[in-house]
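Student: Residue numbers (UniProt numbering): 1 to 196.
Just dropping this structure here.
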């Protein structure tokens, strides 16, 4: 990362500043955030806290990506900041007015703050409407259209995500979650299997 101070200063004063996009870009490499990005967590926590609650979403989403990729030693060091960011994200879920796709990113950020390595990075597959899957029977690789999968909530995490979406008045997201964790059928051999 290059010197971010001018960008951080600009972003801290305006939640809609283009500086956010540049910080995001400079902090990641092919969608993964390097260990140095974890040093942004205290700044992100302070900046988000200074913004009005309705202006925090983009910064919280970015912070979720940074937190989930942070090394464990940095997550432990910045545990208080990550907890504060998580609390702000959870507070926004039921009142966010952003589109459903942004709500999914905010929900994913919560999982990132919680250290969920998989869903803190991959819950946004819901926004694509389809996911790549491999049949456990014949190894056929295909795409499953989420609208065509058999719905399911096979455990505490899917149930929790579904409940959070419903509580936030996001029935389409709640339905998409049931499909992401549902079952599909292999077009090659006819085997039914869980998407995730």
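Every residue, glycine too, gets a C-beta built ideally from N, C-alpha and C.
Treat the numbers as computed from the prediction; the structure is a model and nothing was measured.
Near residue 177, what residues of its chain come up, given a Cβ to Cβ distance below 8 Å and the 5 sequence neighbours on each side ignored?
Tutor: For the purposes of this step, residue 177 is identified with residue 177 of the chain shown, where counting begins at 1. Once the five neighbours on either side are set aside, the close Cβ partners of residue 177 are 126, 153, 158, 161, 162, 165.
Student: For residue 14 and residue 74, what's the separation of their Cα atoms in angstroms?
Tutor: Taking the chain shown and counting its residues from 1, one reaches residue 14 at position 14. Taking the chain shown and counting its residues from 1, one reaches residue 74 at position 74. Their Cα atoms are separated by approximately 27 Å.
Student: What is the DSSP secondary structure of residue 64, reduced to helix, strand or coil?
Tutor: Your numbering for residue 64 matches position 64 in the chain shown. Residue 64 falls in the helix class under three-state DSSP.
Student: Report the partner residues of residue 29 according to the DSSP bridge assignment.
Tutor: Your numbering for residue 29 matches position 29 in the chain shown. DSSP output for residue 29 lists 32 as bridge partner(s).
Student: If you draw a straight line from the C-alpha of residue 85 to the C-alpha of residue 17, how long is it?
Tutor: By 1-based counting over the chain shown, the position of residue 85 is 85. By 1-based counting over the chain shown, the position of residue 17 is 17. Their Cα atoms are separated by approximately 20 Å.
Student: Looking at the structure shown, is residue 131 part of a helix, part of a strand, or coil, going by DSSP?
Tutor: Here residue 131 is taken as the residue at index 131 of the chain shown, counted from 1. Three-state DSSP puts residue 131 in a strand.
Student: Residue 71 and residue 36 - do their beta-carbons sit closer together than 7 Å?
Tutor: Residue numbering aside, residue 36 sits at position 36 when the chain shown is read from its first letter. Residue numbering aside, residue 71 sits at position 71 when the chain shown is read from its first letter. In this structure, residue 71 does not lie closer than 7 Å to residue 36 by Cβ.
Student: For residue 149, does the count of other Cβ atoms within 10 angstroms reach 16, so buried, or fall short, so exposed?
Tutor: Along the chain shown, one-based indexing puts residue 149 at 149. Residue 149 comes out buried.
Student: Bridge partners for residue 185 per DSSP, in chain order?
Tutor: Here residue 185 corresponds to residue number 185 of the chain shown, with the count starting at 1. 192.
Student: Tell me the rounded alpha-carbon separation between residue 104 and residue 115.
Tutor: As a first step, residue 104 must be located in the chain shown, where it is residue number 104. As a first step, residue 115 must be located in the chain shown, where it is residue number 115. Their Cα atoms are separated by approximately 17 Å.
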